[in-house]
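Notes follow once the structure below has been shown.
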Amino acid sequence: AQRVTQPEKLLSVFKGAPVELKCNYSYSGSPELFWYVQYSRQRLQLLLRHISRESIKGFTADLNKGETSFHLKKPFAQEEDSAMYYCALRDSGGSNYKLTFGKGTLLTVNP
Amino acid sequence: GAGVSQSPRYKVAKRGQDVALRCDPISGHVSLFWYQQALGQGPEFLTYFQNEAQLDKSGLPSDRFFAERPEGSVSTLKIQRTQQEDSAVYLCASSLALGPSYEQYFGPGTRLTVT
């Protein structure tokens, strides 16, 4: 069975401080990892995926297969980063298309 | 362009009532997914369609839940004899196709409250 764990329900930082949202996963196959974000009163949207290896809005995430982690990082948080963040997993083989989500971390960036 | 739309946005049902939730995917998207998000939880997979074919319904919590997509476009999630534990936000997502290149685009959700 596949499982995604986000250990922090709430995370509060000050503007300009570094931020790291933790995500650990459990999956026996070859996983594809994602971070989704939901801003206040908006719909869930994709932030980034590990296969793209890109930086979106200053956020990066590296897949660490040894530690089974996919932590989301940003060196300098901005107030507009305040949102709910969900880590998600999918089988990269394509036979299991369903996304498995963590419970989410609510990030608050204080001025 | 228009994204995924869902209606109604909010639904209050008395226990025992039947409800129908509608999803309009992005035009041309062949894959359609339903997820259930209970309060304080992440979305959980319910079912999946490829065009009009329902390829996986393993996430449906009981036989009171039924989904259809008869013409491969609009989908309806029906819940019969609603129970309080059915209270949740129901999310619909669509993607152009399957595969690692294809993003799932989510709708705004329908918040169902069963009283």
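Protein sequence lines, in the order shown, are assigned to chains A and B. Quick note on the working numbering: the first sequence kicks off at 1 and runs consecutively. Quick note on the working numbering: the second sequence kicks off at 1001 and runs consecutively. From the three backbone atoms N, C-alpha and C, an ideal C-beta is built for every residue, glycine too.
Excluding five sequence positions before and after residue 1065(B), the CB atoms of its chain that fall closer than 6 Å to its own CB belong to 1079, given in chain order.
Around residue 1086(B), the same chain offers 1079, 1112, 1114 as residues with beta carbons nearer than 7 Å, after the five sequence neighbours per side are excluded. Residue 11(A) places its beta carbon less than 8 Å from that of residue 21(A). Looking at the DSSP output, residue 1079(B) shares a beta bridge with 1019(B), 1065(B).
When 9 Å is used as the limit between beta carbons, residue 43(A) is near these residues of chain B: 1003, 1004, 1091, 1105, 1106, 1107, 1108, 1109, in chain order. In this structure, residue 1024(B) sits near residue 1004(B), with a CB-CB distance shorter than 8 Å.
8 Å or more divides the Cβ of residue 72(A) from the Cβ of residue 49(A).
Listed in chain order, the non-local C-beta contacts of residue 7(A) below 6 Å within the same chain comprise 22, local neighbours out to five positions each way being set aside.
Annotation: residue 1050(B) to residue 1020(B) spans about 20 Å, alpha carbon to alpha carbon. Using a Cβ-Cβ cut-off of 8 Å, residue 1098(B) counts as an interface residue toward chain A, since at least one Cβ of chain A sits closer than that to its own. Contact annotation for residue 86(A) against chain B: 1042, 1043 [CB-CB distance below 8 Å, chain order]. Residues of chain A with a Cβ closer than 9 Å to the Cβ of residue 1010(B) do not exist, since the nearest Cβ in that chain sits about 13 Å away. When the beta-carbon positions are compared, residue 1006(B) and residue 1088(B) stay at least 8 Å from each other. Closest in alpha carbon position to residue 1063(B), among 1082(B), 1013(B), 1071(B), is 1082(B). In the structure shown, the three-state DSSP call for residue 1104(B) is coil. Judged by DSSP in its simplified three-state form, residue 8(A) adopts coil rather than helix or strand. Secondary structure remark: continuous alpha helix (DSSP H) runs of at least 4 residues inside the region 10-77 of chain A: none found.
Residue pairing by DSSP places residue 92(A) in no beta bridge whatsoever. If you check the CB distance, residue 104(A) and residue 5(A) do not come in under 8 Å. The C-alpha of residue 55(A) is placed about 18 Å away from the C-alpha of residue 79(A).
Between residue 1030(B) and residue 1096(B) a beta carbon distance of about 7 Å is seen, short of the 8 Å cut, so the two are scored as contacting.
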